[in-house]
Each structure stands twice: as C-alpha cells, then as structure tokens.
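>
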Ligand SMILES: Cc1cc2nc3c(=O)[nH]c(=O)nc-3n(C[C@H](O)[C@H](O)[C@H](O)COP(=O)(O)OP(=O)(O)OC[C@H]3O[C@@H](n4cnc5c(N)ncnc54)[C@H](O)[C@@H]3O)c2cc1C
Ligand code: SF4
Ligand code: FES
Ligand code: FES
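Protein chains in written order, with the numbering used here: chain A, -5 to 154; chain B, 142 to 476.
#1: Do the region 259 to 273 of chain B and the region 229 to 249 of chain B make contact, defined as three or more Cβ pairs closer than 8 Å?
#2: Rounded to a whole number of angstroms, what is the C-alpha to C-alpha distance between residue 30 of chain A and residue 414 of chain B?
#3: Could you tell me the distance, in whole angstroms, from the CA atom of residue 123 of chain A to the CA atom of residue 244 of chain B?
#4: Can you name the start and end residues of the beta strand (DSSP E) that residue 376 of chain B belongs to?
#5: If you measure beta-carbon to beta-carbon, which residues of the region 234 to 246 of chain B are closer than 8 Å to chain A?
#6: Could you check what DSSP says for residue 84 of chain A in three-state terms: helix, strand or coil?
#7: Using a Cβ-Cβ cut-off of 8 Å, state whether residue 261 of chain B counts as contacting chain A.
#8: Which runs of the alpha helix (DSSP H), 4 residues or longer, sit entirely within the region 171 to 203 of chain B?
#9: Check whether the Cβ of residue 188 of chain B lies closer than 8 Å to any Cβ atom in chain A.
#10: Nearest by alpha-carbon distance to residue 463 of chain B: which of B/228, B/440 and B/432 is it?
#11: Can you check whether the C-beta of residue 175 of chain B is within less than 8 Å of a C-beta belonging to chain A?
#12: Relative to ligand 4, is the shortest distance from any of its heavy atoms to the C-beta of residue 374 of chain B smaller than 7 Å?
#13: Of all Cβ atoms in chain B, is any one closer than 8 Å to the Cβ of residue 15 of chain A?
#14: Find out if the Cβ-Cβ distance for the pair residue 260 of chain B, residue 409 of chain B is shorter than 8 Å.
#15: Measuring straight from C-alpha to C-alpha, what distance separates residue 357 of chain B and residue 81 of chain A?
#16: Is it the case that the CB of residue 457 of chain B approaches a heavy atom of ligand 1 more closely than 7 Å?
#17: Taking C-beta pairs closer than 9 Å, name the residues in chain B that residue 63 of chain A reaches, listed in chain order.
#18: Quick check on the burial criterion: 16 or more other C-beta atoms within 10 angstroms. Buried or exposed for residue 16 of chain A?
#19: By the criterion of Cβ-Cβ separation under 7 Å, what are the contact partners of residue 148 of chain B in chain A?
#20: Show which residues of chain A have a CB atom less than 9 Å away from the CB atom of residue 144 of chain B.
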C-alpha cells in the first residue's frame, strides 16, 4: 500500500507516493537520492541517521516516511550556500570534529537542532544535546569544540 | 535497504479515528514515537498488519501538574515531560525519570504511552532475526524453551525496563484506558501482570505482561492526593546516555517532624513488571534510622528477582536496586 507524502524537504515543497512500510531513512537515501543521512545501526542506537523535523532532531531510521506528511524535514544537504560551508560544517571541518566522517552528518544535524533553539550553549548543554550520537573516532572533545566554534561563527554572522 | 514487512499505516488525528481503526483492525498495533516498536519490527520480532500512529492525536497531548494532582496524555513526548516546569517543581520523580530515558533524540520521539507499554527485554529477545534463529528462538517469540531458565515450564522472565512506571507508581497513579466499546480507569499497578510465577495462582509473565485487552489504548495517566510528598528518581546504567536501566528506583515519602509518615518505593529493570515494594508502610511511624533502612533492604531482597536477562548479573541488579533505594530515602528524608 502507498500513501501521499507532502513535505518540505530541505526548503523545497515535494510530493511523493511512498509505501506505508518505508522508513524515512530509506525514502531520503533510496527514493530521493540524498545519501548524506547515514545508516549506522539496526535501529535507534547510534544517531547517524539524525535529521531535523520541524527543527527537532529525530531518528530517521525509526520514523515512517508517510508519518512526516505536512512537516518540514532538513537533512545535512540543506546546509551551506553556493558551495560555502555553514557554521556547523565549518566547525566540524576546522576543529577536526570529523575523522572517518561516518557519524558526522548525524552529529551536525543534532548540533544544528541545538543551536537553533539555544544559540550559545554551554559545554554541558552541548554534551547533553549530542547524547544520542555515537562516534568511534574522535573521542568527542573535538566535536564539542566544533559546536562552540560554530556558535561563535553564528554570533559573528561570518558563515551562512 | 531491507524492506520492513508489509503493513498499513493509519495516521490518526482524533481519538475517534484511533478507536475506529482499532475496531476495524483488531490485530493492529499502536505506534507512538516508534523507538521501541519500530526497532522490534526492523528485527522481525513483531509483524502487525496495521500500525496506528497516535502521535498527532489532539486528545492525548495534555500535561497538567499542581501540588495535589497531575495528568499526562499518552502522546506527550518524554522531552516535553522532562522539561515541563510544573512537573519539575511538583513531581521531580516524574521529570527525572523522563529525563533519564535513552538519549535526547530518542526523548524527542518517545511518548508516555509507549514508555508505559514498553515491551519487556531480554538478551535472547532483543536481537536480529538471524541471531534469534541461530538460537532456535525462545518462548517469547516462536520457540519452545526459555534460554534464561530452561526449566521455566512455559514462563518467560523478560525484564520490564520502562523508567516512568516506577515514578508514577509511587504517586499512586491510575491509567485511563479506551477501546471501541468504552473507557475504564485502573490503578497503574494493575496494568502490569508480569508476576512470572510457576504456580497458576497469578497470570502473566515477561511475554504476557500488560493487562490491556485487544483493541484498548492507554489515553492518559493521572495521580491525585499527592500533597506533601517529596520524590526522586535515580537509575544505574552502564553508560551515561542511551541506556536502559540496570536498575531504576523511584521514591516518594512524607515526613512530619522527625517521623516518616509515608514511604513508597518502586523499582524497574529487575522483574517482568515494575515492582511497587509491599510492606513499606510498616517501616513508617518513627524517624529514619538503620532499622528502617535494613527493613527496606529486606523488602527489596524479598521482592526483587532479577534473572539473567541482561549482561549484568541478577544478584548485582538486586543489590544496586536496594542501595539506590536506601540512598534516595536518606536524601529525601534529609531535604
Ligand atoms: C537506544 C535506545 C535506548 C533506550 N533507552 C531507554 C531507557 O533508558 N528507558 C526506557 O524506559 N526506555 C528506553 N528506550 C525505549 C523507548 O525509547 C522509550 O521507552 C519510549 O518512551 C517508548 O515510547 P515510544 O512512543 O517510542 O514507543 P513505541 O515504540 O511507539 O511503542 C512501544 C509499545 O507501546 C505500545 N503503545 C504505544 N502507545 C500506546 C498507547 N497509547 N496505549 C497502549 N499501547 C501503546 C506500542 O504498541 C508498542 O508496543 C530506549 C530506546 C532506544 C532505541
Ligand atoms: S526470559 Fe526466556 S523466554 Fe523470555 S525472552 Fe528471555 S529467553 Fe526468551
Ligand atoms: S541508524 Fe543508528 S540510530 Fe538510526
Ligand atoms: S568520525 Fe568516525 S565515527 Fe565519528
């Protein structure tokens, strides 16, 4: 069975027919071709698949595509303008918050969600907000620095 | 991409939509945030033909709390509950338990109804299809033995691990339940029937752990007459985030002068049901002292029965549950 899915994906309205049993993660990666969002585990434990739905970080691997009808979905591809990295992307790049990079899109979207509701978070608030994301490479310290740097760039208005 | 089994998704907007879909599809499953159910569907553990998404149902979104009473709708998310100012002020036990669940992203999704009705857990159950079939499955799915207790005679010991239930049990909460044929209200304690006894005196175990009938839905949880109770929740877990409890303990108590006049303690992560300790009233009447704490330890040892359903040994879970309970009681009494 299929349902009509009308959503705003990365700022653009879009309509698709999606099978009832399709995960949002598979819709994004396989139907739309946005492969920035990653699959890291068999369900709910790693955060690699994090996307924003109406600005709130959610796990696309446990969300049915048809259930986001009428909502606004943002993936990592929504960030940056004309080839210029966004503040959070620059933070992860310049502060070495990314090594193998597999967890990075999930961390970036969870961080963007945090900075949209709290533009100047403390270290504790950053740790708390990224608590659903697992990274096997960086040791997290650089990730926290990356988010602080992004908050600073946002405050200065020096990145899109 | 591995396709999920075929099912129909009903996107309900009102309670009436839910009840109509329940009547039309008796084998349907309700889905809140899906942080429990979707994992089990992905692993091929359950295959409901119809899912009813209840997250957008208007009637299920209330959060009210004041000194004497609280009411929480089933589709309220855990983060909404954890961050609610009135809840944090009047019922810290509830806000702290909600905050202790999984990680922040799971809490943006997970709901109160889904948490109260969270499936029980076991290392032989929460595994991929491949893993389970290599082990010949077990009683809780399609197998015929329990790998935790092979001589269990049909009883499953999978562990109830929801964090909110103990917090609400110590407040004497009730749940509102609706079905196509009407509504009813029962004590929250009666929602849980996982006694897992070998004699047939009491029904229910880790497999059949809720008293809900087919077609029913939990619509809200409420508590009243809570004035004066101080309360807190704490849990032991392996890592600080994204982790089910090794043991979780909720305490509510009332102190008058030096006397402990009311004491309620509930535990999760140990038995196939959350356990509201029986016999705590007998510990009240005087000041808190070592006798009371030893009495509490004896109740915990007697009523908490963890089996080897997690990677943490059962006797350790029982011990930390008792220690946590004693710490929380000591702290709240001193406040
Ligand atoms: C990595 C990870 C860690 C986790 N850690 C914890 C933890 O520490 N503590 C904890 O308690 N939980 C934990 N969870 C489980 C889960 O996130 C929470 O329990 C959450 O509250 C479940 O709610 P939900 O809305 O997502 O449930 P769902 O998955 O939507 O539903 C769970 C069950 O409840 C039923 N149900 C849903 N709504 C209703 C209703 N209104 N009436 C009757 N039945 C209903 C469903 O049919 C299903 O059987 C964890 C999950 C993950 C993925
Ligand atoms: S306790 Fe036994 S029957 Fe129940 S899930 Fe575990 S192995 Fe299976
Ligand atoms: S893919 Fe691991 S949480 Fe979604
Ligand atoms: S950078 Fe490799 S997992 Fe995080």
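We put the beta carbon where it would ideally sit given N, CA and C, even for glycine.
Let's see:
#1: The answer is no - the region 229 to 249 of chain B does not touch the region 259 to 273 of chain B, with fewer than three Cβ pairs under 8 Å.
#2: Put simply, the backbone Cα of residue 30 of chain A is about 41 Å away from that of residue 414 of chain B.
#3: Answer to the nearest angstrom: the Cα atoms are 8 Å apart.
#4: In the DSSP assignment, residue 376 of chain B falls within the beta strand (DSSP E) that extends over 371 to 377.
#5: Taking 8 Å as the Cβ-Cβ cut-off, the region 234 to 246 of chain B approaches chain A at 243, 244, 245 and 246, given in chain order.
#6: Collapsing the DSSP output to three states places residue 84 of chain A in a helix.
#7: Not one chain A Cβ lies under 8 Å of residue 261 of chain B.
#8: Look at the region 171 to 203 of chain B and you find these whole runs of alpha helix (DSSP H), each 4 residues long or longer: 178 to 183.
#9: Not closer than 8 Å to any Cβ of chain A, the Cβ of residue 188 of chain B fails to qualify, so no.
#10: Of the candidates B/228, B/440 and B/432, the residue whose Cα lies closest to the Cα of residue 463 of chain B is B/440.
#11: True, the Cβ-Cβ gap to chain A drops below 8 Å.
#12: No, ligand 4 has no heavy atom inside 7 Å of this Cβ.
#13: Interface criterion met: the Cβ of residue 15 of chain A is under 8 Å from a Cβ in chain B.
#14: Not a contact, by the Cβ cut-off of 8 Å.
#15: Taking the straight line joining both Cα atoms gives about 48 Å.
#16: Checking every heavy atom of ligand 1 against the Cβ of residue 457 of chain B, none is found closer than 7 Å.
#17: Proximity of chain B to residue 63 of chain A at the Cβ level (cut-off 9 Å) is accounted for by 152, in chain order.
#18: It counts as buried.
#19: Residues of chain A passing the Cβ test: 14 and 15.
#20: The contacting residues are 13, 15, 16 and 20.
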